[in-house]
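Undergrad:
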Ligand code: C5P
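Residue numbers (my numbering): 64 to 389.
(1) Taking just the CA atoms, how far does residue 98 sit from residue 111?
(2) Going straight from the alpha carbon of residue 158 to that of residue 329, what length do you get?
(3) Using only alpha-carbon positions, find the residue among 137, 103, 306 that is nearest to residue 199.
(4) Residue 368 by DSSP, collapsed to three states: which one?
(5) Just curious, the alpha helix (DSSP H) that residue 397 is in, first and last residue?
(6) Could you check if residue 113 belongs to the surroundings of ligand 1, using beta carbon to heavy atom distance under 7 Å?
(7) Cα separation between residue 65 and residue 338?
(8) Give me, in chain order, the residues of the same chain whose beta-carbon lies closer than 8 Å to that of residue 234; leave out the 5 immediate sequence neighbours on both sides.
(9) Buried or exposed: where does residue 265 fall if 16 or more other Cβ atoms within 10 Å of its Cβ makes it buried?
(10) State buried or exposed for residue 185, treating a residue as buried only when at least 16 other CB atoms are found within 10 Å of its CB.
(11) Using the three-state DSSP reduction, which class does residue 83 fall into: helix, strand or coil?
(12) Where residue 170 and residue 250 are concerned, what is the direct C-alpha to C-alpha distance, given to the nearest angstrom?
(13) Please classify residue 286: is it buried, with 16 or more other beta-carbons within 10 angstroms of its beta-carbon, or exposed?
(14) So residue 122 and residue 196 are supposed to be a Cβ contact under 8 Å. How far apart are they, rounded?
(15) Return the Cβ separation of residue 318 and residue 176 in integer angstroms, given the expectation that the two are a contact with Cβ distance under 8 Å.
(16) Under the three-state reduction of DSSP, which class applies to residue 389: helix, strand or coil?
(17) I'd like to check one pair, residue 311 with residue 293: are the Cβ atoms closer than 8 Å?
(18) Could you tell me if the beta carbon of residue 132 falls within a distance shorter than 7 Å of some heavy atom in ligand 1?
(19) Please classify residue 239 as buried or exposed, where buried requires at least 16 neighbouring CB atoms within 10 angstroms.
(20) Do you know whose CA, among 303, 258, 279, 210, lies nearest residue 105's CA?
(21) Can residue 229 be considered in contact with ligand 1, in the sense that its beta carbon sits closer than 7 Å to one or more heavy atoms?
(22) Can you tell me whether residue 93 is helix, strand or coil according to DSSP?
(23) Can you tell which of 167, 78, 107, 178 has the C-alpha that lies nearest to the C-alpha of residue 201?
(24) Nearer than 7 Å: is that true of the beta carbon of residue 277 relative to any heavy atom of ligand 1?
(25) Comparing C-alpha positions only, which one of 75, 174, 145, 173 sits nearest to residue 160?
(26) Comparing the CB of residue 204 with every heavy atom of ligand 1, is any distance shorter than 7 Å?
(27) Is residue 262 buried or exposed, if buried means 16 or more other CB atoms sit within 10 Å of its CB?
(28) Quick check on DSSP: helix, strand or coil for residue 88?
(29) Within a Cβ cutoff of 7 Å, which residues of the same chain sit near residue 351, ignoring the five residues on either side of it in sequence?
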């Protein structure tokens, strides 16, 4: 249902882009979806992988304690970075890799704290299967996200067109899965049986969350998406302290601090990051308080503007420039 809603929303947005002209919309869709069918078929890959990933998550959740699942699933931060380097030729500084590790550690601590210790392990859980499912799920999350990013940034099709194509495959796969697993129940009770307001809430969240993910990936990237979701986990925990009287311990403060520190480190301009790295190297070589400028190099603040290269800018201004320019 979420895929259908996503597809319908994209159709509506494309309709608005064509200024409400049905003929223009039909001609456009015919050209973009059918004539350029190779581009459409490319979207079958992430769609299939996301379907697989969602099912792997069920396997993982059923076979692992909640806290273990929440912690290990954060490995997707690292697999995403790895695929970004391998598939998009992105280069990450050593400090950025360190910040990704800190992010993983911080968000894992926060998630473990939220999920709690849990009771004794149910007998029907198989941790080996659960861990294998988490690892496969993290690999598929990284690969599908970066593959989708490559399609979004490497072709002229808009984010709405690409999501419509993704939604077409997602709907088809979902219908096959539904027929396979619940065909008899649906025939008996109808398609919308069990759609309580809470279920609609989850569906809407999934559909519009998915569209938001696509926009973030288009105008920023998958690694930044990892930072955004980690920060949102911290913020929603803070909100639930006020709203639901949620109790947090000092471990949460440590996890949240690591997440915020990681965001700061990752967003540092390359020049400043190099200066920090060299400062820490020289500090470890010659003791504390011995920050040294590398010979013949301007100070960090000059380095970043001196080269006039966007890759040396912090990511927030870079992101704003991209959004303004699009
Ligand atoms: O855990 P991860 O960040 O990989 O999850 C991404 C989620 O976003 C998946 O559930 C996927 O179905 C959804 N998504 C989407 N539409 C996109 C991209 C991702 O619904 N265009």
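The beta carbon of each residue, even a glycine, is placed where N, CA and C say it ideally should be.
TA: Reading it off the structure:
(1) 22 Å
(2) 7 Å
(3) 137
(4) No answer about residue 368 holds up, because its pLDDT of 35 lies below 50 and its placement is not dependable.
(5) Because the chain in this structure spans residues 64 to 389, residue 397 falls outside the shown range and cannot be described.
(6) yes
(7) 47 Å
(8) 66, 67, 70
(9) exposed
(10) exposed
(11) coil
(12) 43 Å
(13) buried
(14) 4 Å
(15) 7 Å
(16) At residue 389 the pLDDT is 48, less than 50, meaning the model places this residue with poor confidence; the figure from the coordinates comes in the next sentence. Correct three-state label for residue 389: coil.
(17) no
(18) no
(19) exposed
(20) 210
(21) yes
(22) helix
(23) 167
(24) yes
(25) 145
(26) yes
(27) exposed
(28) helix
(29) Any reading at residue 351 must be qualified, since the residue scores a pLDDT of 40, below 50, and its modelled position is unreliable; no value is offered.
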